Amino acid sequence: MSGTFVGMPAFPTAAREALGDTQLRRNLAHATHVIRDKRAKVVAEVEDWEELRLAGAGVKEAALRDLATHLETLEASLVRAGATVHWARDAEEACAIVAQVTKAHGVDEVVKVKSMATAEIGLNEALEAEGIAAWETDLAELIVQLGDDLPSHILVPAIHRNRAEIREIFLRRMGDVGRPAPVDLTDEPAVLAAAARAHLREKFLRAKVAVSGANFAVAETGTLVVVESEGNGRMCLTLPEVLISVVGIEKVVATWADLDPLLRLLPRSSTGERMNPYTSTWSGVTPGDGPQEVHVVLLDNGRTRALADDVGRQALRCIRCSACLNVCPVYERVGGHAYGSVYPGPIGAILNPLLHGVSDEQTASLPYASSLCGACFEVCPVRIDIPSVLVDQRAAVVDSHRGDRVPKAEAVAMKAAAWAFSDSRRLAWAEKASGLGGRLLRRFGRTTLPGGRAAAGRLPGPAAGWTGARDLPAPPEESFRDWWDRTDGGRDGGAR
Amino acid sequence: MSARDDILRGVRQALAGVSPAVEVPAAPRVPDRGDLVALFVERVEDYRAVVTRCAPDEVDQVVRDVLGSARAVVPPDLGLDLPGAVVDDVFTATELDAYDAVVTRAAVGIAETGTVVLDHQPDQGRRAITLVPDLHVCVVDGGQVVADVPDAIALLDPARPLTWISGPSATSDIELDRVEGVHGPRTLHVVLVG
Numbered sequence: 187m188s189g190t191f192v193g194m195p196a197f198p199t200a201a202r203e204a205l206g207d208t209q210l211r212r213n214l215a216h217a218t219h220v221i222r223d224k225r226a227k228v229v230a231e232v233e234d235w236e237e238l239r240l241a242g243a244g245v246k247e248a249a250l251r252d253l254a255t256h257l258e259t260l261e262a263s264l265v266r267a268g269a270t271v272h273w274a275r276d277a278e279e280a281c282a283i284v285a286q287v288t289k290a291h292g293v294d295e296v297v298k299v300k301s302m303a304t305a306e307i308g309l310n311e312a313l314e315a316e317g318i319a320a321w322e323t324d325l326a327e328l329i330v331q332l333g334d335d336l337p338s339h340i341l342v343p344a345i346h347r348n349r350a351e352i353r354e355i356f357l358r359r360m361g362d363v364g365r366p367a368p369v370d371l372t373d374e375p376a377v378l379a380a381a382a383r384a385h386l387r388e389k390f391l392r393a394k395v396a397v398s399g400a401n402f403a404v405a406e407t408g409t410l411v412v413v414e415s416e417g418n419g420r421m422c423l424t425l426p427e428v429l430i431s432v433v434g435i436e437k438v439v440a441t442w443a444d445l446d447p448l449l450r451l452l453p454r455s456s457t458g459e460r461m462n463p464y465t466s467t468w469s470g471v472t473p474g475d476g477p478q479e480v481h482v483v484l485l486d487n488g489r490t491r492a493l494a495d496d497v498g499r500q501a502l503r504c505i506r507c508s509a510c511l512n513v514c515p516v517y518e519r520v521g522g523h524a525y526g527s528v529y530p531g532p533i534g535a536i537l538n539p540l541l542h543g544v545s546d547e548q549t550a551s552l553p554y555a556s557s558l559c560g561a562c563f564e565v566c567p568v569r570i571d572i573p574s575v576l577v578d579q580r581a582a583v584v585d586s587h588r589g590d591r592v593p594k595a596e597a598v599a600m601k602a603a604a605w606a607f608s609d610s611r612r613l614a615w616a617e618k619a620s621g622l623g624g625r626l627l628r629r630f631g632r633t634t635l636p637g638g639r640a641a642a643g644r645l646p647g648p649a650a651g652w653t654g655a656r657d658l659p660a661p662p663e664e665s666f667r668d669w670w671d672r673t674d675g676g677r678d679g680g681a682r
Numbered sequence: 363m364s365a366r367d368d369i370l371r372g373v374r375q376a377l378a379g380v381s382p383a384v385e386v387p388a389a390p391r392v393p394d395r396g397d398l399v400a401l402f403v404e405r406v407e408d409y410r411a412v413v414t415r416c417a418p419d420e421v422d423q424v425v426r427d428v429l430g431s432a433r434a435v436v437p438p439d440l441g442l443d444l445p446g447a448v449v450d451d452v453f454t455a456t457e458l459d460a461y462d463a464v465v466t467r468a469a470v471g472i473a474e475t476g477t478v479v480l481d482h483q484p485d486q487g488r489r490a491i492t493l494v495p496d497l498h499v500c501v502v503d504g505g506q507v508v509a510d511v512p513d514a515i516a517l518l519d520p521a522r523p524l525t526w527i528s529g530p531s532a533t534s535d536i537e538l539d540r541v542e543g544v545h546g547p548r549t550l551h552v553v554l555v556g
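Heads up: the sequence lines are chains A and B, in that order. Numbering of the first sequence is given in the numbering used here, commencing with residue 187 and proceeding in unit increments. Numbering of the second sequence is given in the numbering used here, commencing with residue 363 and proceeding in unit increments.
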């Protein structure tokens with residue numbers, strides 16, 4: 187696995203490969219079940235959880251519906267508070283802004299708070315190309331970065347690694363980029379965390395420039411919020427002289443009070459805690475405390491595209507808690523890499539096509555990476571109806587192929603069905619053919635369903651994809667219309 | 363056209379014909395939990411933080427006992443008699459790294475979540491001093507404890523930098539196994555007065 191999602195195969199291919207990795211499946215099953223149980227416990231503690239979800243969804247939806255106004259308010263508030271505001275249409279522009287600000291301070295390294303937005307725009311790689319080293323300081327991100335690996339979960343990017351693998355990565359790689367891991371390093375999580383603490387402390391103490399994202403941005407006050415656990419976020423937000431925050435435009439909420447339902451929903455949904463260890467909020471520059479130069483990069487990168495989608499717009503309410511990943515039967519089995527994006531799981535399966543469109547094969551495969559069981563909607567703290575958006579995105583994928591010169595087999599089948607169903611004589615003919623098939627199966631078929639009904643087992647050719655794992659019940663010998671004709675609508679008794 | 367104008371125009375186009383009016387239901391309130399201070403103590407301890415309750419005239423002694431021989435840095439207006447403690451003189455991060463402990467007051471305590479919020483007034487000091495030393499002793503007055511998150515938000519001033527602290531720093535990044543103490547203070551000791 188190399189450090190880029192570019193060129194990843196479509197989901198079915200990547201998923202098949204992931205399913206063959208038994209270590210990965212064991213790590214994932216353990217992790218998703220632990221975190222699921224924790225979440226369920228702290229959510230059950232809140233008497234009015236459903237009302238809280240409605241309030242959270244309402245706050246985010248209201249902000250999105252009037253986004254331009256809130257963005258202008260946010261910009262004005264930030265400037266008033268002493269911050270510099272930049273706007274970036276896409277990943278390239280955002281990365282260029284961060285690189286430019288960093289270079290203006292004559293440094294060749296930045297420390298980073300875990301941030302989905304900066305992962306989305308490939309900031310680390312872009313900075314590296316400019317000769318700037320970006321040090322990830324979240325423990326899981328550090329594991330991914332040192333292992334030259336890819337994140338596979340929104341909250342716990344190294345969820346696919348177990349303790350023995352992490353120990354090996356620390357021993358092998360820490361020395362190359364700073365303070366080496368102690369030689370007697372064990373695979374105890376506490377010992378591994380202590381090694382990360384020692385390794386990163388020298389980087390925190392000398393860093394001049396830090397890069398963060400933000401969980402929320404409050405328009406009326408110009409306040410950014412970062413929610414974290416380890417204290418690496420506080421280190422980055424407090425100690426360096428310069429702070430650059432890359433913030434997706436959908437992170438805006440209107441008022442300070444709007445944070446209430448969200449700060450109650452997020453920790454319980456993501457880490458399964460009543461509250462995460464540290465939440466930092468800051469509004470621009472505070473004289474004598476923390477960074478004295480504060481930059482905020484407001485990032486579009488496909489968000490206006492998603493905003494224009496009447497069904498998909500709700501995906502922008504996402505607060506990146508990752509509860510939908512942990513309950514998803516598909517994610518639990520294939521893990522995050524198969525989705526080919528920093529946003530895996532159910533939310534990734536809708537967010538990626540909404541942000542980037544479905545013109546490439548990989549993104550177009552994502553809306554199908556679901557059984558539509560609906561568990562994701564049930565746990566979503568801001569009530570994103572992921573199954574409905576998945577279905578709508580499947581329609582978008584089909585629509586995008588309408589002009590193809592060589593139609594897909596599915597399109598041909600649908601055309602044939604439309605042709606047969608639109609004329610009663612053609613339908614009668616098709617029913618006769620299906621009745622004949624049923625009779626043949628009953629006579630020669632070897633598969634029977636529970637209850638005795640005959641069925642088709644594995645069929646050859648294109649039908650193998652469906653019948654390989656499912657029995658196809660034998661069609662009835664007589665169609666409803668034949669039965670009606672024969673029995674005069676049941677008045678003749680109807681028995682055969 | 364500038365990126366700013368482009369994005370704002372794109373947002374307006376995307377929302378053309380979409381009504382900005384959304385009914386936002388009020389967030390529910392937690393039911394009455396009775397003794398808030400007792401709940402606060404219980405929930406702070408749940409994070410494996412240490413809590414000591416004491417009377418107002420015992421605070422100085424309690425904090426001195428917690429510190430023992432630790433080298434402590436304190437904010438300018440802490441208002442406690444702690445011999446040997448050094449008042450923060452805008453120390454650099456590296457200078458702060460030489461201290462074992464920090465003692466501060468707090469702005470608000472939240473009972474429901476066991477959270478202490480600092481708004482970094484002179485009795486709490488700059489953000490850096492509560493971050494670099496390994497032991498954070500936080501003195502919270504019983505009267506500062508509120509029921510839940512919305513009560514705290516109503517009391518806090520967003521213009522100030524805020525740090526919400528719920529237990530010692532922690533990570534669950536290795537096999538979802540919770541480990542206390544990564545980069546922030548590995549020990550949080552809350553002294554609850556009253």
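Note that CB positions come from ideal geometry on N, CA and C, so glycine has one too. Treat the numbers as computed from the prediction; the structure is a model and nothing was measured.
*Report the three-state DSSP secondary structure of residue 227(A) (helix, strand or coil).*
helix
*Would you mind giving the Cβ-Cβ distance between residue 495(B) and residue 464(B), rounded to the nearest angstrom? I have them listed as a contact below 8 Å.*
5 Å
*Do you know offhand how far residue 390(A)'s Cα is from residue 425(A)'s?*
7 Å
*asked:* Against chain A, with Cβ distances strictly below 8 Å, would residue 541(B) count as a contact?
replied: yes
*According to the neighbour-count rule (16 or more other Cβ atoms, all chains shown, within 10 Å of its Cβ), is residue 423(B) buried or exposed?*
exposed
*Count the other C-beta atoms from every protein chain shown that fall within 10 angstroms of the C-beta of residue 506(B), then say buried if there are 16 or more, exposed otherwise.*
buried
*Under the DSSP definition of a beta bridge, which residues are partnered with residue 322(A)?*
298(A)
*Is the beta carbon of residue 379(A) sitting closer than 8 Å to the one on residue 433(A)?*
no
*Would you tell me roughly how many angstroms separate the C-alpha atoms of residue 476(A) and residue 395(A), rounded to the nearest one?*
12 Å
*Identity of the residues DSSP links to residue 273(A) by a beta bridge*: 484(A)
*Leaving out five residues on either side along the sequence, give the residues of the same chain with a beta carbon under 7 Å from the beta carbon of residue 398(B).*
473, 507, 509
_Short CB-CB distance (under 8 Å) between residue 247(A) and chain B_ = yes
*Under 8 Å between the Cβ atoms of residue 280(A) and residue 307(A)?*
yes
_Interface partners of residue 216(A) on chain B, CB under 9 Å_ = 537, 538
*When the cut-off is 8 Å and only beta carbons count, does residue 613(A) lie next to chain B?*
no
*According to the neighbour-count rule (16 or more other Cβ atoms, all chains shown, within 10 Å of its Cβ), is residue 511(B) buried or exposed?*
buried
_Proximity below 8 Å, CB of residue 412(B) to CB of residue 376(A)_ = no
*Measuring CB to CB, does residue 428(A) end up less than 8 Å from residue 291(A)?*
yes
_Stretch-stretch touch, CB-based, cutoff 8 Å, three pairs: the segment 382 to 400 of chain B with the segment 236 to 243 of chain A_ = yes
*Distance, residue 265(A) Cα to residue 408(B) Cα*: 40 Å
*For residue 358(A), count neighbouring Cβ atoms within 10 angstroms of its own Cβ and tell me buried if that reaches 16, exposed if not.*
exposed
*Interface residues of chain A facing residue 545(B) [CB-CB closer than 8 Å]*: 323, 383, 386, 387, 390, 416, 417, 418, 420, 421
*Given that a residue counts as buried once 16 or more other Cβ atoms are within 10 Å of its Cβ, and exposed if not, what is residue 646(A)?*
exposed
_Extent of the continuous beta strand (DSSP E) run through residue 526(B)_ = 524 to 527
*asked:* Quick check on DSSP: helix, strand or coil for residue 503(B)?
replied: strand
*Hey, could you find the ends of the beta strand (DSSP E) residue 642(A) is sitting in?*
640 to 642
*asked:* Give me the subset of the segment 435 to 452 of chain A whose CB atoms are less than 8 Å from a CB atom of chain B, sorted by chain position.
replied: 435, 442, 443, 445, 446, 447, 449, 450
*C-alpha gap between residue 187(A) and residue 217(A), whole angstroms*: Per-residue confidence for residue 187(A) stands at a pLDDT of 39, beneath the threshold of 50, marking its modelled position as unreliable; the derived number appears in the next sentence. When rounded, the distance between both Cα atoms is 21 Å.
*residue 596(A) burial status per 10 Å Cβ neighbour count (16 or more: buried)*: exposed
_Measuring CB atoms only, is the segment 291 to 306 of chain A touching the segment 524 to 535 of chain A, in the sense that at least three cross pairs come out at less than 8 Å?_
yes
*Shortest alpha-carbon distance to residue 276(A) belongs to which of 624(A), 641(A), 508(A), 490(A)?*
490(A)
*Which residue from 582(A), 520(A), 611(A) puts its Cα closest to that of residue 538(A)?*
582(A)
_Per DSSP, the bridge partner or partners of residue 416(B)_ = 555(B)
*Within the 8 Å Cβ cut-off, does residue 549(B) reach chain A?*
no
*Report yes if the C-beta distance between residue 614(A) and residue 667(A) is below 8 Å; otherwise report no.*
yes
*Length of the line joining the Cα atoms of residue 213(A) and residue 606(A)*: 50 Å
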